[in-house]
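The block underneath contains the structure these notes are about, expressed in structure tokens.
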Amino acid sequence: MTRLFALAGVVYQSAAAIILIFLLGRVLSPLAYANFSLTLASSQLLSVLMFEWLQLAGVRFLAAAMHDDAARLRTSLFGAALASALALLVIGGLAVSIASPIATSVGLVGLALAVAQGATDLHFMVVRVSHRLGAAAFLLILRATLMVGGATAGAWLHGTAHAALLGMLGAQIASLIAGQLLHPHKLQKVTRPALLEDWSGFARYGMLAAGASVLHLSVPVSIRFVVVSALGASAPAVTAGFSMAIDLLQRPFAVLVAAIHTVNYPEVVHQYERGSADDSRAAVAHLLDFIMCATLVMLGGLIGFLPDAGQLFVPAPILASFLQTSAAAGFYFMHCHLQSTLAIAPHLTKSATRLVVVALCQLLLVLAVAVPTQAITGSPTYVLIGAIVATAIVIVLAAGPMIRFGASPRWGLVAASVAGAAFISAFSAVPSASAIALVAKIVAATAIVALLAWKGRFLEAAGASRSDV
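Numbered per the numbering used here, the sequence shown spans residues 10 to 478.
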């Protein structure tokens, strides 16, 4: 039940993010929403740049740490996080004030939001790997609720991107305070040599791995800049619809994969460090089952229900451009598997340099396709299709370590997930003439998901879930 609640907490966070996108799309003007979207994407990129290396190192090192070692590592992590926050505020503040493409006030709020998000994510990660999945899920639910309320209230009262970002900043700070009050972490005094040794270990693995994450995150951000800079203010409806599609369709995959890693990845690390080779392969294979089947069904659901969601929630002036750029769902499906699924084996073996090379290849190849495609066609849809093809090429070239690791999913279950996803995606061709028709489609999709989840037994231990296959 704890694993189910932990999964539900991250799914709730994803749903809240989607609701927030729809709400802000209605409350803000198209230009204000485009500014909000661009600032938020840049803020998230900075947060990953400065704090992701500590998150990755924390999960990798803390998942198998015990007692005093865990307390020492936590102290070292928070010390490094403080140093990263100070560096980001100083360097980022100078950059925003000197050469920022957005208003200085908006940029500074985005910078503060990056720091608050990084600190909150790190705190929640430590709660999670300390075998308190339920507590971590509760904190995620609390933060997601505060984010929706704060950002929507700011946008509703003032109608600006600045106000919406301030609301999100307040929600992050309140969540961090609540997390510390409810679940304070036990720290201990760490000697300077031990602190430097820990930081060195974090840096050798974490910084390279985080560099790969930054490069991967830069791919959709770069696509956004290519399209938005080409369209400019000449087509605000197209720009806003494209931005909403990029925002909306990224969230489900990113949060779903994060949820699966939250539930299963600590077990994978534990089996790799302390179990046998067969146990390690079984744990990785179980993780592959979960990720591949869940993301396939997610892709089918997005394709199948996007027209209905658009009609219900997307403002009419940008609906057409929003639906035309729904190819973003296919791009994010490929992107999440390159970034997360194929990276499992390199993360376990701490082959962080390979992660950087793969991410850099994706960024360069996508840009090499996106820039001329936008210049020739002027269509965001063709740019996204080109990005899908480029990412698929990198996936084929980067699959070696996972193949050599020897862990494979249950292909029969994957095939069933493909069939289920195809069936659900066909709902896009069935108009929801009434609420009853929409409910019928939702019930049918839910039944398929429940059947696959029952067959997959994803929330059980790796050995138990695969013993009957």
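Just so it is clear, CB atoms sit at the ideal spot from N, CA and C, and this is done for glycine as well.
Query raised in the report: Nearest to Trp-469 by alpha carbon, out of Pro-193, Ala-294, Ala-239, Trp-420?
Result: The sequence position of residue 469 within the sequence shown is 460, counting from 1. The identity of residue 469 in the sequence shown is Glu, whereas the question assumes Trp. Distances from the alpha-carbon of Glu-469 to those of Pro-193, Ala-294, Ala-239, Trp-420 put Ala-294 closest.
Query raised in the report: If we ignore side chains and look at the alpha-carbon of each, how far apart do Thr-6 and Asp-78 end up?
Result: Any question about residue 6 goes unanswered here, given that the chain covers just 10 to 478.
Query raised in the report: So, is Leu-321 buried or exposed, given that buried needs 16 or more other C-beta atoms within 10 angstroms?
Result: Within the sequence shown, residue 321 is the residue found at index 312, counting from 1. That one is exposed.
Query - Supposed close pair Val-19, Leu-149 - CB separation, criterion 8 Å - result: The sequence position of residue 19 within the sequence shown is 10, counting from 1. The sequence position of residue 149 within the sequence shown is 140, counting from 1. Val-19 to Leu-149, Cβ: 6 Å. Contact.
**Report entry** For Thr-334, the three-state DSSP class (helix, strand or coil)
**Finding:** Here residue 334 is taken as the residue at index 325 of the sequence shown, counted from 1. Coil at Thr-334, not helix or strand.
Requested in this report: Note down, one range per segment and in chain order, each alpha helix (DSSP H) of at least 4 residues found wholly within the region 110–142.
Outcome: Listed in chain order, they are 113–138.
Query - For Ala-454 and Leu-460, the rounded distance between their alpha carbons - result: To locate residue 460, count along the sequence shown from 1; it is residue 451. To locate residue 454, count along the sequence shown from 1; it is residue 445. Leu-460 and Ala-454 have their C-alpha atoms roughly 10 Å apart.
Report task. Return helix, strand or coil for Arg-466, following the three-state DSSP convention. Result -> Mapped onto the sequence shown, residue 466 falls at position 457. In the structure shown, Arg-466 adopts coil according to DSSP, grouped into three states.
Query raised in the report: Of the choices Arg-233, Ala-338, Met-301, His-279, whose alpha-carbon is the least far from that of Gln-481?
Result: Coverage of the chain is limited to positions 10 through 478, which leaves residue 481 absent and any answer about it impossible.
**Report entry** Ala-246 beta carbon less than 8 Å from that of Pro-326
**Finding:** Residue 326 sits at position 317 when you count from the first residue of the sequence shown. Residue 246 sits at position 237 when you count from the first residue of the sequence shown. With respect to the 8 Å criterion, Pro-326 and Ala-246 are classified as neighbours on the basis of their beta carbons.
Query raised in the report: For Gly-387, which three-state DSSP category applies?
Result: Counting from one through the sequence shown, the residue named residue 387 turns up at place 378. Here Gly-387 carries a coil assignment [DSSP, helix/strand/coil].
Requested in this report: Write down the C-beta distance between Gln-2 and Asp-130 rounded to the nearest angstrom, noting that I regard them as a contact closer than 8 Å.
Outcome: Any property of residue 2 remains undetermined from this structure, which presents the chain solely from 10 to 478.
Report task. Quick one: using the 10 Å Cβ neighbour count with 16 as the cut-off for buried, is Val-278 buried or exposed? Result -> Numbered from its first residue, the sequence shown carries residue 278 at position 269. Val-278 sits buried, since 16 or more C-beta atoms from the chains shown fall within 10 Å of its C-beta.
Query raised in the report: Between which two residues does the alpha helix (DSSP H) containing Arg-283 stretch?
Result: As a position in the sequence shown, residue 283 is number 274, starting the count at 1. Run containing Arg-283: 245–283, per the alpha helix (DSSP H) assignment.
Requested in this report: With a threshold of 16 other CB atoms inside 10 Å of the CB of Leu-13, please say whether the residue is buried or exposed.
Outcome: As a first step, residue 13 must be located in the sequence shown, where it is residue number 4. Counting Cβ neighbours within 10 Å, Leu-13 comes out exposed, since fewer than 16 surround it.
Query raised in the report: In or out: Arg-201 buried (at least 16 other Cβ within 10 Å) or exposed?
Result: Working through the sequence shown from its first residue, we reach residue 201 at position 192. Classification for Arg-201: exposed.
Query - Alpha-carbon spacing of Pro-418 relative to Ser-289, whole angstroms - result: Working through the sequence shown from its first residue, we reach residue 418 at position 409. Working through the sequence shown from its first residue, we reach residue 289 at position 280. Going from the Cα of Pro-418 to the Cα of Ser-289 covers about 13 Å.
Query raised in the report: So what does DSSP say about Leu-178, is it helix, strand or coil?
Result: Stepping through the sequence shown from its first residue, residue 178 is reached at position 169. Residue state, collapsed to three classes: helix.
Query raised in the report: Which residues in the same chain have their Cβ closer than 7 Å to the Cβ of Leu-374, if we skip the five residues on either side of it in sequence?
Result: In the sequence shown, counting from the first residue as 1, residue 374 sits at position 365. Apart from sequence neighbours up to five positions away, the residues of its chain that approach Leu-374 with a beta-carbon distance below 7 Å are Ala-399, Ile-402, Val-403, ordered along the chain.
Query raised in the report: Would a C-beta distance cut-off of 8 Å place Ser-426 and Met-301 closer than the cut-off?
Result: To locate residue 426, count along the sequence shown from 1; it is residue 417. To locate residue 301, count along the sequence shown from 1; it is residue 292. For the pair Ser-426 and Met-301, the CB atoms are nearer than the 8 Å cut-off.
Report task. Would you grab the beta carbon distance between Val-124 and His-171 for me? Rounded to a whole angstrom, and I think it's under 8 Å. Result -> Start at 1 with the first residue of the sequence shown, and residue 124 comes out as number 115. Start at 1 with the first residue of the sequence shown, and residue 171 comes out as number 162. The pair is not a contact, with the Cβ atoms about 17 Å apart (cut-off 8 Å).
Report task. Would you mind working out which of Met-216, Glu-282, Gly-250, Leu-305 sits nearest Leu-328, comparing C-alpha positions? Result -> What you label residue 328 is simply residue 319 of the sequence shown in a count that begins at 1. Taking Leu-328 as reference, the option from Met-216, Glu-282, Gly-250, Leu-305 with the minimal CA-CA separation is Gly-250.
Query raised in the report: Mind checking whether Val-157 and Ala-145 have CB atoms under 8 Å apart?
Result: The residue given as residue 157 occupies position 148 in the sequence shown. The residue given as residue 145 occupies position 136 in the sequence shown. No, these two residues do not count as a Cβ contact at 8 Å.
Query raised in the report: Which term fits Asp-207, buried or exposed, when burial requires 16 or more other beta carbons within 10 angstroms of its beta carbon?
Result: What you label residue 207 is simply residue 198 of the sequence shown in a count that begins at 1. Of the other Cβ atoms in all chains shown, 16 or more fall within 10 Å of the Cβ of Asp-207; this residue is therefore buried.
Report task. Can you have a look at Asp-287 and say buried or exposed, based on whether 16 or more other CB atoms are within 10 angstroms of its CB? Result -> For the purposes of this step, residue 287 is taken as the residue at position 278 of the sequence shown. Label assigned to Asp-287: exposed.
Query raised in the report: Are the region 78–94 and the region 202–221 in contact at 8 Å, needing three or more beta carbon pairs?
Result: Yes: the two stretches touch, three or more of their Cβ pairs being nearer than 8 Å.
Requested in this report: Grab me the residues of Gly-34's own chain with a C-beta within less than 7 Å of its C-beta, minus the 5 sequence neighbours each way, in chain order.
Outcome: Counted from its first residue, the sequence shown places residue 34 at position 25. Same-chain partners within the cutoff: Tyr-42, Met-253, Val-323, Pro-324.
**Report entry** Where the alpha helix (DSSP H) through Gly-215 begins and ends
**Finding:** Here residue 215 corresponds to residue number 206 of the sequence shown, with the count starting at 1. Under the DSSP assignment, Gly-215 falls outside any alpha helix (DSSP H); it carries neither an H nor an E label.
**Report entry** DSSP-derived helix/strand/coil call for Leu-37
**Finding:** Taking the first residue of the sequence shown as 1, we reach residue 37 at position 28. Looking at Leu-37 - three-state DSSP - the assignment turns out to be coil, as it is neither helix nor strand.
Query raised in the report: Closest to Pro-440 by CA distance: which of Gly-319, Lys-359, Ala-368 is it?
Result: By one-based count along the sequence shown, residue 440 stands at place 431. It is Gly-319 whose Cα lies nearest to the Cα of Pro-440.
**Report entry** the region 158–177 contacting the region 37–55, beta-carbon criterion three pairs below 8 Å
**Finding:** Contact between the region 158–177 and the region 37–55 is present: three or more C-beta pairs spanning the two stretches fall below 8 Å.
**Report entry** Buried or exposed (CB count within 10 angstroms, at least 16 for buried), Ser-227
**Finding:** The count along the sequence shown starts at 1 and reaches residue 227 at position 218. Ser-227 is classed as buried because its beta carbon has at least 16 other beta carbons within 10 Å across all chains shown.
Query raised in the report: Residue range of the alpha helix (DSSP H) that Thr-358 falls in?
Result: By 1-based counting over the sequence shown, the position of residue 358 is 349. Thr-358 -> no alpha helix (DSSP H), and no H or E assigned at all.
Requested in this report: Kindly provide the ranges of any alpha helix (DSSP H) runs that are 4 or more residues long and lie completely inside the region 27–105, ordered along the chain.
Outcome: As far as the region 27–105 is concerned, its whole alpha helix (DSSP H) runs of at least 4 residues are 39–71.
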